[in-house]
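The listed protein sequences correspond, in order, to chains A and B. If you read the first sequence in this note's numbering, its first letter stands for residue 1, the second for the next number, and so on. If you read the second sequence in this note's numbering, its first letter stands for residue 224, the second for the next number, and so on.
Number of protein chains: 2
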Amino acid sequence: MKLYICRGTCQPFCRSLPDDPLLECFTSTDDSSVQVDPSHAEMVKRAITENRSAVNGGFLLKLPFTTIFEYLQILRMIAVSLRSLGPSAMFYLAAAVSDFYVPWESMTMHKIQSASGPLDMRLAQVPKMLYVLRNEWAPVAFCISFKLETDTDILLGKADMALKKYKMHMVVANELQTRKEEVIVVTEQEKITVRRDTTQPGADVEDPLIKLVVDRHSAYIDA
Amino acid sequence: MKLYICRGTCQPFCRSLPDDPLLECFTSTDDSSVQVDPSHAEMVKRAITENRSAVNGGFLLKLPFTTIFEYLQILRMIAVSLRSLGPSAMFYLAAAVSDFYVPWESMTMHKIQSASGPLDMRLAQVPKMLYVLRNEWAPVAFCISFKLETDTDILLGKADMALKKYKMHMVVANELQTRKEEVIVVTEQEKITVRRDTTQPGADVEDPLIKLVVDRHSAYIDA
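What follows is the structure in structure tokens.
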């Protein structure tokens with residue numbers, strides 16, 4: 001069973017499809033039926049079939065959110081509910097949650113008027129909920145977080161810090177320019193470079209990454 | 224011919240469809256074909272057919288953008304190119320362009336680090352390009368802009384001001400809560416309330432609005 005907290009248009013099973021699959025992948029024929037273009041047929045069919053089978057089988061529940069407030073509330077509810085699963089629960093925290101936000105009390109009632117020059121804003125830091133997740137909400141769950149940087153020089157240091165500070169089991173370190181080709185998985189014992197299989201057309205870095213995650217989570221459950 | 228400057232997932236012909244039409248409207252059958260759910264069949268078929276016919280017929284060109292810099296550059300290029308059409312060109316400026324932005328020179332090279340407390344930002348006002356559009360880029364084109372407010376008390380005043388300041392031919396005044404039911408079209412001579420036809424299922428406020436816009440633009444060309 002997978003609980004998927006999602007915002008916007010990144011949907012499970014759709015990552016190989018064009019941004020706007022309905023208009024890009026289909027044509028309508030004269031006898032008033034709708035057909036998939038042959039060039040996209042396999043990918044579209046796979047996305048639809050796998051999504052339906054996951055949703056209908058009860059393996060996937062999508063939980064949409066818009067604001068950071070909703071995201072953190074949903075995460076807490078899920079974490080507390082999954083506590084009873086012990087080490088079998090896994091958190092795969094890939095969402096790029098914003099680092100800063102506008103606190104409720106400093107929001108204006110109405111749309112801000114633009115007439116009066118520049119706008120000065122003070123953004124507050126989003127509280128680091130990973131710590132609370134690990135220490136209070138679901139202390140025995142297997143936790144994976146992501147660290148994205150644009151500056152390779154600080155990436156591994158930041159990933160290491162997140163691992164220790166928030167007691168993650170794995171941190172996936174990825175660099176904006178190369179993250180579709182390789183990522184580095186940081187654990188307490190090792191740093192593992194995970195690369196896309198460039199000999200397979202359409203293979204992506206998630207394929208070997210997910211294998212590694214499942215392996216480590218299985219070992220964690222058995223330990 | 225329509226040039227559509229678009230950002231994100233709002234696509235022409237898709238406004239009646241669910242947010243995620245591929246996964247919501249289709250099923251796959253055992254003989255490995257993909258089928259539209261009967262409940263969505265008509266809407267999906269209409270969206271695909273109308274989009275294909277507009278694109279293939281050369282009536283619609285979509286120009287995607289991400290940043291405000293791209294948007295304003297694209298708008299200028301289009302406006303200057305359409306100048307030769309004189310009054311036959313129409314600008315329907317419905318995009319909610321941000322009022323404020325972060326100037327290039329104050330952007331950081333790398334992802335901003337979150338460790339060091341709150342973040343103070345000074346946002347600059349986006350230059351008001353409507354004025355330049357009307358006075359330099361395409362002075363004879365028919366121009367419609369939109370004014371959205373959350374505060375009804377100031378909406379019509381702001382719409383009136385935009386009409387005069389930027390010499391728009393029409394300003395569509397809409398209020399966040401009620402904009403799917405009614406809008407007020409402000410021109411130099413009159414204020415026209417445009418309402419959705421609530422007796423027709425699926426009718427929206429755009430239907431009568433577009434009729435009004437076409438009428439006024441035709442009269443403008445003939446004048």
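Glycine residues also receive a C-beta, built at the ideal position from the N, C-alpha and C atoms. None of these values were measured; they are calculated from a predicted model.
Once DSSP output is grouped into helix, strand and coil, what is the label at residue i?
{"i": "residue 158/A", "result": "helix"}
{"i": "residue 283/B", "result": "strand"}
{"i": "residue 363/B", "result": "coil"}
{"i": "residue 205/A", "result": "coil"}
{"i": "residue 227/B", "result": "strand"}
{"i": "residue 407/B", "result": "strand"}
{"i": "residue 80/A", "result": "helix"}
{"i": "residue 369/B", "result": "strand"}
{"i": "residue 131/A", "result": "helix"}
{"i": "residue 65/A", "result": "coil"}
{"i": "residue 446/B", "result": "coil"}
{"i": "residue 439/B", "result": "helix"}
{"i": "residue 278/B", "result": "helix"}
{"i": "residue 17/A", "result": "coil"}
{"i": "residue 36/A", "result": "strand"}
{"i": "residue 88/A", "result": "helix"}
{"i": "residue 422/B", "result": "coil"}
{"i": "residue 151/A", "result": "coil"}
{"i": "residue 11/A", "result": "coil"}
{"i": "residue 308/A", "result": "Because chain A spans 1 through 223 in this model, residue 308/A falls outside it and cannot be assessed."}
{"i": "residue 402/B", "result": "coil"}
{"i": "residue 317/B", "result": "coil"}
Does the separation of the CB atoms of residue i and residue j fall below 8 Å?
{"i": "residue 91/A", "j": "residue 141/A", "result": "yes"}
{"i": "residue 224/A", "j": "residue 129/A", "result": "Lying outside 1 to 223, the shown extent of chain A, residue 224/A is not represented and no answer is given."}
{"i": "residue 305/B", "j": "residue 267/B", "result": "no"}
{"i": "residue 68/A", "j": "residue 116/A", "result": "no"}
{"i": "residue 96/A", "j": "residue 148/A", "result": "yes"}
{"i": "residue 333/B", "j": "residue 151/A", "result": "yes"}
{"i": "residue 231/A", "j": "residue 146/A", "result": "There is simply no residue 231/A to check, as chain A begins at 1 and stops at 223 in what is shown."}
{"i": "residue 48/A", "j": "residue 257/B", "result": "yes"}
{"i": "residue 420/B", "j": "residue 430/B", "result": "yes"}
{"i": "residue 182/A", "j": "residue 194/A", "result": "yes"}
{"i": "residue 137/A", "j": "residue 179/A", "result": "no"}
{"i": "residue 123/A", "j": "residue 330/B", "result": "no"}
{"i": "residue 143/A", "j": "residue 155/A", "result": "no"}
At a CB-CB cut-off below 9 Å, which residues of chain A make contact with residue i?
{"i": "residue 368/B", "result": "Chain A residues near residue 368/B: none, gap ~14 Å exceeds 9 Å."}
{"i": "residue 374/B", "result": "109, 110 and 111"}
What does residue i reach in chain B if we use C-beta pairs closer than 9 Å?
{"i": "residue 118/A", "result": "323, 345, 346, 347 and 348"}
{"i": "residue 52/A", "result": "246, 249, 250 and 251"}
{"i": "residue 11/A", "result": "243, 245 and 246"}
{"i": "residue 218/A", "result": "By Cβ distance, chain B contributes nothing, its closest Cβ being about 29 Å from residue 218/A, past 9 Å."}
For chain E, is any of its Cβ atoms less than 8 Å away from the one on residue i?
{"i": "residue 407/B", "result": "The chain inventory of the structure shown lacks chain E, comprising the protein chains A and B."}
Between the options, which lies nearest to residue i when the distance is taken from Cα to Cα?
{"i": "residue 24/A", "options": "237/B, 378/B, 350/B and 250/B", "result": "237/B"}
{"i": "residue 281/B", "options": "226/B, 420/B and 374/B", "result": "226/B"}
{"i": "residue 413/B", "options": "386/B, 318/B and 329/B", "result": "386/B"}
{"i": "residue 118/A", "options": "329/B, 317/B, 323/B and 331/B", "result": "323/B"}
{"i": "residue 126/A", "options": "144/A, 133/A, 102/A and 135/A", "result": "102/A"}
{"i": "residue 381/B", "options": "354/B, 409/B and 357/B", "result": "409/B"}
{"i": "residue 175/A", "options": "134/A, 10/A and 153/A", "result": "153/A"}
{"i": "residue 55/A", "options": "6/A, 8/A, 1/A and 188/A", "result": "1/A"}
{"i": "residue 411/B", "options": "242/B, 273/B, 428/B and 389/B", "result": "389/B"}
{"i": "residue 358/B", "options": "293/B, 303/B, 269/B and 235/B", "result": "303/B"}
{"i": "residue 8/A", "options": "424/B, 234/B, 425/B and 242/B", "result": "242/B"}
{"i": "residue 104/A", "options": "84/A, 78/A, 70/A and 85/A", "result": "70/A"}
{"i": "residue 173/A", "options": "114/A, 218/A, 10/A and 209/A", "result": "209/A"}
{"i": "residue 265/B", "options": "437/B, 337/B and 425/B", "result": "425/B"}
Taking C-beta pairs closer than 8 Å, name the residues in chain B that residue i reaches, listed in chain order.
{"i": "residue 47/A", "result": "245 and 246"}
{"i": "residue 88/A", "result": "Neighbours of residue 88/A on chain B: none; closest Cβ ~27 Å, over 8 Å."}
By the criterion of Cβ-Cβ separation under 8 Å, what are the contact partners of residue i in chain A?
{"i": "residue 237/B", "result": "22 and 23"}
{"i": "residue 304/B", "result": "Those within 8 Å of residue 304/B in chain A number zero; the least Cβ separation is about 25 Å."}
{"i": "residue 329/B", "result": "None at all; the shortest Cβ gap to chain A is about 11 Å."}
With residue i and residue j assumed to form a contact (beta carbons below 8 Å), what rounded beta-carbon distance in angstroms separates them?
{"i": "residue 393/B", "j": "residue 439/B", "result": "7 Å"}
{"i": "residue 52/A", "j": "residue 250/B", "result": "6 Å"}
{"i": "residue 212/A", "j": "residue 192/A", "result": "7 Å"}
{"i": "residue 38/A", "j": "residue 245/B", "result": "That pair is no contact at about 17 Å."}
{"i": "residue 362/B", "j": "residue 443/B", "result": "With 8 Å as the limit, residue 362/B and residue 443/B do not qualify as a contact, their Cβ atoms being about 13 Å apart."}
{"i": "residue 228/B", "j": "residue 297/B", "result": "6 Å"}
Against residue i, what residues of chain B qualify as contacts under a CB-to-CB distance less than 7 Å, listed in chain order?
{"i": "residue 34/A", "result": "259, 267, 268 and 271"}
{"i": "residue 39/A", "result": "Going along chain B, no residue has its Cβ under 7 Å from residue 39/A, so there is no contact; the nearest lies around 14 Å."}
What does residue i reach in chain A if we use C-beta pairs closer than 7 Å?
{"i": "residue 307/B", "result": "Chain A residues near residue 307/B: none, gap ~30 Å exceeds 7 Å."}
Quick one: does the C-beta of residue i sit closer than 7 Å to a heavy atom of the ligand SAH?
{"i": "residue 8/A", "result": "Absence of the ligand SAH from the depicted structure is noted, as is the absence of any ligand whatsoever, leaving it without description."}
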